[in-house]
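Note sheet for the following structure.
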Amino acid sequence: MGRRAGRIAVLAVGLCVTRHVDAQDPPATPAEQYRKLLEACEVGSPGKVLSDEERIQWVGHAYKVRNEVALRFVELAEKHPDDPIALDALTQAVWQVNTTPWPVELVGKNDAVARALALLRRDHVQSEKLGPLCQRLSWGFCKEYETFLRAVAKSNPHPEVNAAAVLSLAHFLNHRSQRIELLKEQPEAARQFEELFGDEYVDGLMRQDGDPPVAEADALLERIAKEQGDVKLPDGATIGERARSELFDLRNLRVGQVAPEIEGVDQDGVSFELSAERGKVVLLDFWSQV
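Using our numbering, the first residue of the sequence shown is number 13, and each one after it goes up by one.
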């Protein structure tokens, strides 16, 4: 009786194993893989108040996690180039823009950017979904951002995307130029930029005579304000409004420019004009409370 019970038990186990194998989940669809990668990007709260040093290390950890997942987004797009999810995956692969930038030894190399942007240019340059990405990349620095923005500005047929790309390219050129001026005075920061973005690229920018990128940015903003000024951006602003604001900043607020006149009331209720302080050291602190 005991042997028979043993055989039945073995048979039951065998049936369970067979049933488990037969009922395995089918391979995940590209959309399901994409959702899992999005989950993998999330770096949860540390759960405590961090010191300055701990906060910096936490930032580095978050960047490294995102850089690692970005490569997997690119691999997903490469494996399923004709699936609609490929565009979303490539967008996520370049969504993290290092705007500080943090030292490379802290945040690691972002090896996904060049591959992802090359695929976006090749397969999706005419997509109607590229506007937000263009605006996001405009705050970055790396060479591939400029190449991508120029490609979208040249080839995208959708007015709102095309205008966003031109506006973003102008902002990118102006913003990068300002950083280069700072790097010329900060050798240690220049070294960090070289490690992140490449020695040849950064050195070439720092050796550039004059500032042709600023002149190009000015011309782009003038043109787009006239030709596409009524086009709406996703946030509700028009291209004309944003371009004129960028032009004001470019022409009046760059380092070395004479500050525009400011009239206001100080904390004691006394009216003042900025020009009255000429020749003095003045700190202007702009802030808002929403």
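C-beta: ideal position from N, C-alpha, C; glycine also.
Treat the numbers as computed from the prediction; the structure is a model and nothing was measured.
For residue i, tell me which candidate among the options has the shortest Cα-Cα distance.
| i | options | result |
| --- | --- | --- |
| V86 | L179, N174, L99 and A74 | L99 |
| G252 | A175, E156 and I68 | A175 |
| L2 | L185, A237 and L232 | Given a span of 13 to 302 for the chain in the structure shown, any question on residue 2 remains unanswerable. |
| D278 | D297, Q269 and D221 | D297 |
| Q138 | D247, E172, L262 and K155 | E172 |
| Q104 | P96, V81 and P199 | V81 |
| G276 | P115, A288 and T159 | A288 |
| A89 | A128, P169, T159 and G222 | A128 |
| K244 | Q269, Y213 and P144 | P144 |
| E306 | A130, G248 and P115 | The chain is shown only over 13 to 302; residue 306 falls outside these bounds and no answer can be derived. |
| D247 | L49, Q147 and R290 | Q147 |
| E54 | K60, N79, I68 and R67 | N79 |
| K155 | L131, F209, R263 and S167 | F209 |
| D215 | L232, A231, V293 and L195 | L195 |
| E291 | V282, W299, V270 and D280 | In the sequence under discussion, the amino acid at residue 291 is Gly, which differs from the Glu named in the question. It is V270. |
| E197 | W107, V267 and P58 | V267 |
| R191 | D223, W299 and G241 | D223 |
| L262 | A40, P225, K60 and E140 | P225 |
| S57 | K48, F260, R67 and E193 | R67 |
| H322 | E212, D211 and A227 | Shown here, the chain extends from 13 to 302; a query on residue 322 therefore has no answer. |
| P93 | L232, F284 and R133 | R133 |
| L259 | Q240, A231 and A249 | A231 |
| Y213 | T159, E65 and S167 | T159 |
| T41 | S167, K60, A52 and K91 | K91 |
| L50 | W107, G59 and L295 | W107 |
| Q220 | D242, G241, Q240 and E193 | E193 |
Check the DSSP bridge columns for residue i and list the partner residues they point to.
| i | result |
| --- | --- |
| E275 | E285 |
| K244 | T250 |
Quick test of your reading: residue i and residue j, contact by CB under 8 Å. State the CB separation rounded to the nearest angstrom.
| i | j | result |
| --- | --- | --- |
| L161 | S180 | 5 Å |
| A124 | L83 | 5 Å |
| V109 | L62 | The pair is not a contact, with the Cβ atoms about 23 Å apart (cut-off 8 Å). |
| P96 | F153 | Not really, about 30 Å apart at Cβ, beyond 8 Å. |
| A182 | A229 | 4 Å |
| T111 | W70 | That belief does not hold up - the Cβ atoms of T111 and W70 are roughly 17 Å apart, past 8 Å. |
| Y46 | A101 | 6 Å |
| V164 | L131 | Between L131 and V164 the Cβ distance is about 14 Å, and since that is not below 8 Å, they are no contact. |
| E273 | L265 | Actually they are not in contact, since the Cβ atoms of E273 and L265 sit about 13 Å apart, beyond 8 Å. |
Of all the CB atoms in chain C, is at least one closer than 8 Å to the CB of residue i?
| i | result |
| --- | --- |
| V116 | The structure shown has no chain C; it contains just one protein chain. |
Q. Do three or more CB pairs link the region 115-125 to the region 61-76 at distances below 8 Å?
A. Contact check between the region 115-125 and the region 61-76: three or more CB pairs, one atom from each, fall below 8 Å, which counts as touching.
Q. Which whole runs of the alpha helix (DSSP H) in the region 166-202 are 4 residues long or more, in chain order?
A. Correct list: 171-195.
Q.
With a threshold of 8 Å, are at least 3 pairs of Cβ atoms found where one atom belongs to the region 227-238 and the other to the region 248-265?
A. With the cut-off at 8 Å, the region 227-238 and the region 248-265 touch.
Q. Is it true that the region 186-205 meets the region 163-171, where meeting means three or more beta-carbon pairs spaced less than 8 Å apart?
A. In this structure the region 186-205 does not lie against the region 163-171, because fewer than three pairs of beta carbons, one per stretch, are closer than 8 Å.
Q.
Report the start-end ranges of each alpha helix (DSSP H) in the region 112-154 that is 4 residues or longer and not cut off at the edges.
A. Here the runs fully enclosed are 116-119, 125-136 and 143-149.
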